[in-house]
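Chains as they are written, first to last, in my numbering: chain A, 1 to 143; chain B, 144 to 286. What follows is a short report on a single structure.
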DNA sequence: TCCCATTGTAATATTTAGCATTACAACCAT
DNA sequence: ATGGTTGTAATGCTAAATATTACAATGGGA
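Here you go:
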């Protein structure tokens, strides 16, 4: 239910695709840099492919960016990759008493502040692009 | 590492304390409305007590609010109750390759956008007070 | 003063979610 | 056709979240 490492891993691999455009990057190579199992990478690439962010050929292999880094935000990546919605990010206790006047309403009571939180996360994620991350990376290299 | 149900449960019990000011509310009664084990409630009340939000006597029992609902925000409650910091809310893959130029920098690369997200959550939480929740509750009752 | 209901807290158990791994069919280029 | 690759299902493993049990410490009232 939390924001899983999928998002971090996806961003990692997108940066790799952005930096090593010329190289053939298989799931195995990517997994080595990320430090995870190649199957994880394949699944994530599958999700990113569905979202129109990357592409990859089945037999020959090698993933590459198809979307402009300028237009790809962390929110896009998160949505593509993490099945859980932000609405489930904050755990809500599942068995409040329906007999109690507070217990019967607590779910609806929490909805309001929690959805405001989800909105703010979405907004912040939508402001950060892959281009910014690639620029940040370039800055680190040059120093 | 996610925002656990502790926060929801704590808010639930604070609303109970705010609504049933006159009644003696033991951990058992509170737990019944919440639908969890009384020990969970006791531990949470302990945390909220340390934060100066509620108080309770040992032998006699019965918890009550000591802070003004106007001044208690969801952020206060979250901080009091959830040990994990928001920085750990978004999972980061733990074994990136140090040999890879991207792998060796991904941690620092992710820090920037992820801390912006944490900030926005904190900000939103800080805007919502217990008073608002009590008002929301009253609104629901009156309709 | 002695019960009794209650809290505080430690220790342990249970459940669930996140992540890793294995396995293999489908596929493509050479 | 072969070798390297992807897509995906099935399973296993680990760690974190939550629940439960147990009991000493406390305080108020009979």
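C-beta: ideal position from N, C-alpha, C; glycine also. Fair warning: this is a prediction, and the values are worked out from it, not measured in the lab.
Next item on the list: Output, in chain order, the set of chain A residues within a Cβ distance shorter than 7 Å of residue 234 (chain B).
Entry: The sequence position of residue 234 (chain B) within the second chain is 91, counting from 1. Annotation: Cβ neighbours of residue 234 (chain B) in chain A (cutoff 7 Å, chain order): 2, 3, 4, 5, 8.
Item checked: For residue 208 (chain B) and residue 70 (chain A), the rounded distance between their alpha carbons -> As a working note, residue 70 (chain A) is residue 70 in the first chain. As a working note, residue 208 (chain B) is residue 65 in the second chain. Going from the Cα of residue 70 (chain A) to the Cα of residue 208 (chain B) covers about 50 Å.
Item checked: Residue from A:26, A:77, A:41, A:110 whose Cα sits closest to the Cα of residue 127 (chain A) -> Your numbering for residue 127 (chain A) matches position 127 in the first chain. Looking at A:26, A:77, A:41, A:110, the one whose alpha-carbon comes closest to that of residue 127 (chain A) is A:77.
Margin query: Using DSSP's beta-bridge definition, name the partner residues of residue 142 (chain B).
Written below: The shown model of chain B, from 144 to 286, leaves out residue 142 (chain B), and the question about it has no answer.
Checklist line | Proximity winner among A:22, A:39, A:19, relative to residue 6 (chain A) (alpha-carbon distances) | finding: Numbered from 1 along the first chain, position 6 holds the residue referred to as residue 6 (chain A). With respect to the C-alpha of residue 6 (chain A), the residue from A:22, A:39, A:19 having the closest C-alpha is A:39.
Checklist line | Those runs of the alpha helix (DSSP H) which lie wholly inside the segment 216-267 of chain B and span at least 4 residues | finding: Annotation note: the segment 216-267 of chain B contains the following uninterrupted alpha helix (DSSP H) runs of length 4 or greater, listed N- to C-terminal: 217-224.
Next item on the list: Going by CA-CA distance only, name the one from B:215, B:237, B:177, B:171 that's closest to residue 192 (chain B).
Entry: Taking the first residue of the second chain as position 1, residue 192 (chain B) is located at position 49. Considering only B:215, B:237, B:177, B:171, the residue with the shortest C-alpha distance to residue 192 (chain B) is B:215.
Margin query: 8 Å is my cut-off, CB to CB: does residue 253 (chain B) come that close to chain A?
Written below: Taking the first residue of the second chain as position 1, residue 253 (chain B) is located at position 110. With 8 Å as the cut-off, residue 253 (chain B) counts as an interface residue toward chain A.
Notebook entry, point to check: If you count every other CB in all the chains shown that lies within 10 Å of the CB of residue 94 (chain A), and 16 or more means buried, which is it?
Noted result: Position 94 of the first chain holds residue 94 (chain A). It is exposed - the Cβ of residue 94 (chain A) has fewer than 16 other Cβ atoms within 10 Å.
Item checked: Partners in chain B for residue 96 (chain A), counting only beta-carbon separations shorter than 8 Å -> Numbered from 1 along the first chain, position 96 holds the residue referred to as residue 96 (chain A). 155, 176, 177, 178, listed in chain order.
Item checked: Straight-line gap, residue 112 (chain A) to residue 204 (chain B) (C-alpha atoms, nearest Å) -> Position 112 of the first chain holds residue 112 (chain A). Position 61 of the second chain holds residue 204 (chain B). In a straight line, the C-alpha of residue 112 (chain A) is about 32 Å away from that of residue 204 (chain B).
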